[in-house]
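What follows is a short report on a single structure.
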Amino acid sequence: MNKKMIVITLTLNSLISLISIGVALYLYLNIPKFVSFDMKNTTDTFLNQMAKLDISSEEQKAMMKKYERSIHSVINEQYSENNTIVFVKGAVMSKINDETPKIKTKLVSKMKEGNNE
1 MNKKMIVITL TLNSLISLIS IGVALYLYLN IPKFVSFDMK NTTDTFLNQM
51 AKLDISSEEQ KAMMKKYERS IHSVINEQYS ENNTIVFVKG AVMSKINDET
101 PKIKTKLVSK MKEGNNE
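Numbering follows full-length UniProt numbering, with no gaps: position 21 of the sequence shown is 21.
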C-alpha cells in the first residue's frame with residue numbers, strides 16, 4: 001500500500017470513530033426518565049368529589065372534559081417536553097419515581113384556571 005492509501009484509511013477510520021463516539025454520547029445524554037402516576041386513584045377521587053356536587057349531567061360532562069384536557073395538558077407540558085415517560089402506576093412492576101403528588105398539584109391548578117377550551 002502506498003502512503004496515500006494509508007492516509008485515506010486512517011482518516012476514514014478516525015472519522016468513523018468520531019461519529020460513533022458522538023452518537024454514543026448523544027444517546028447517553030438523551031436517555032428518557034421513567035416516572036409513574038396513579039391515574040386510577042386520582043380519577044376516582046375526582047369522580048367522588050364531582051358526585052357530591054349538585055350539578056346537571058351537562059355540567060358533569062363539561063367538568064369531565066375539562067378534567068381530561070387538564071390531565072393531558074399537565075402530562076404533556078411537564079413531562080413530554082422534559083424527555084420523561086409517564087407510566088400508569090398499575091402497569092409498573094419495578095420501582096420508579098412516583099410523580100402522583102406533583103401531577104395532582106399541577107392538575108388542581110390547571111382545573112382552577114378558566115374554561116381551558
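No residue lacks a Cβ here, since even glycine has one placed at the ideal position from N, Cα and C.
Spatial distance of residue i from residue j (CA atoms)
i: Thr84; j: Val7; result: 45 Å
i: Asn116; j: Leu53; result: Residue confidence for Asn116 is low, a pLDDT of 46 falling below 50, so the modelled location carries little weight; the figure read from the coordinates is stated next. Cα to Cα, Asn116 sits roughly 20 Å from Leu53.
i: Asp38; j: Pro32; result: 20 Å
i: Leu25; j: Ile16; result: 14 Å
i: Met5; j: Val92; result: 55 Å
i: Ser13; j: Lys3; result: The identity of residue 13 in the sequence shown is Asn, whereas the question assumes Ser. About 15 Å.
i: Thr11; j: Leu18; result: 11 Å
Beta-carbon proximity list for residue i, same chain, < 8 Å, skipping 5 on both sides
i: Val23; result: none
i: His72; result: none
Whole-number beta carbon distance between residue j and residue i, since they are thought to touch under 8 Å
i: Val74; j: Leu47; result: Their Cβ separation, rounded to whole angstroms, is 18 Å, which puts Val74 and Leu47 out of contact at 8 Å.
i: Glu68; j: Val86; result: That belief does not hold up - the Cβ atoms of Glu68 and Val86 are roughly 15 Å apart, past 8 Å.
i: Thr9; j: Lys104; result: With 8 Å as the limit, Thr9 and Lys104 do not qualify as a contact, their Cβ atoms being about 60 Å apart.
Close Cβ partners of residue i (< 7 Å) along its chain, the five nearest in sequence each way excluded
i: Gln78; result: Lys106
i: Gln60; result: Met50
Residues near residue i in its chain [Cβ-Cβ closer than 6 Å; skip 5 each side]
i: Met111; result: Ser70
i: Lys65; result: none
Short Cβ contact (9 Å threshold) for residue i with residue j
i: Ser36; j: Asn82; result: no
i: Lys102; j: Lys40; result: no
Best match in the options for proximity to residue i [C-alpha to C-alpha]
i: Phe34; options: Met63, Ser94, Ser56; result: Ser94
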